[in-house]
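Trainee:
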Amino acid sequence: MLKVLCSVSFRDLVHRQTACAAIKHMALGVYGFGCEDALIHLLNHVWPNIFETSPHLVQAFMDSIEGLRVALGPNKILQYVLQVGLKRCM
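Positions 1 to 90 (the UniProt record's numbering) are the ones given, in order, by the sequence shown.
#1: Less than 8 angstroms between the CB atoms is what I'm expecting for L20 and F61, so what's the real figure, rounded?
#2: Could you tell me which of A27, Q17 and V58 sits nearest to L43, measuring between CA atoms?
#3: Where do the N-terminal and C-terminal ends of the alpha helix (DSSP H) with D12 fall, by residue?
#4: Within 10 angstroms of the Cβ of G32, are there 16 or more other Cβ atoms? Answer buried if so, exposed if not.
#5: Evaluate H45 with the Cβ neighbour count: other Cβ atoms within 10 Å of its Cβ, from every protein chain shown; 16 or more gives buried, anything less gives exposed.
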């Protein structure tokens, strides 16, 4: 898992794309096991990629967010987005 976290923050787009895909599959794999804390930690590392413009990385990012949405629930994702938005406004 440490390799995945390091890859999400690499400069190379391919590493970040692959890490987002791996996070999607990990999130879907642990759905229902009560691993919400670990998934929120992964979301913290994935979220900065929201500003990317590469179509492949954008798709991988959206897929990882969808996988996390399934595993965490849509209300947790909405709460996270609103929390991050409020922190940036202050």
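All C-beta atoms, glycine included, are put in the ideal place defined by N, C-alpha and C.
Mentor: On the basis of the supplied data:
#1: Working through the sequence shown from its first residue, we reach residue 20 at position 20. Working through the sequence shown from its first residue, we reach residue 61 at position 61. In the sequence as displayed, the identity of residue 20 is Cys instead of Leu. Rounded, the Cβ-Cβ distance is 5 angstroms, consistent with contact.
#2: Mapped onto the sequence shown, residue 43 falls at position 43. Comparing Cα-Cα distances from L43 to each of A27, Q17 and V58, the minimum goes to A27.
#3: Residue mapping note: residue 12 aligns to position 12 of the sequence shown, counting from 1. For D12, there is no enclosing alpha helix (DSSP H), as DSSP marks it with neither H nor E.
#4: Walking along the sequence shown from the start, residue 32 turns up at place 32. Classification for G32: exposed.
#5: Position 45 of the sequence shown holds residue 45. The residue in question, H45, is buried, as its Cβ has 16 or more Cβ neighbours within 10 Å.
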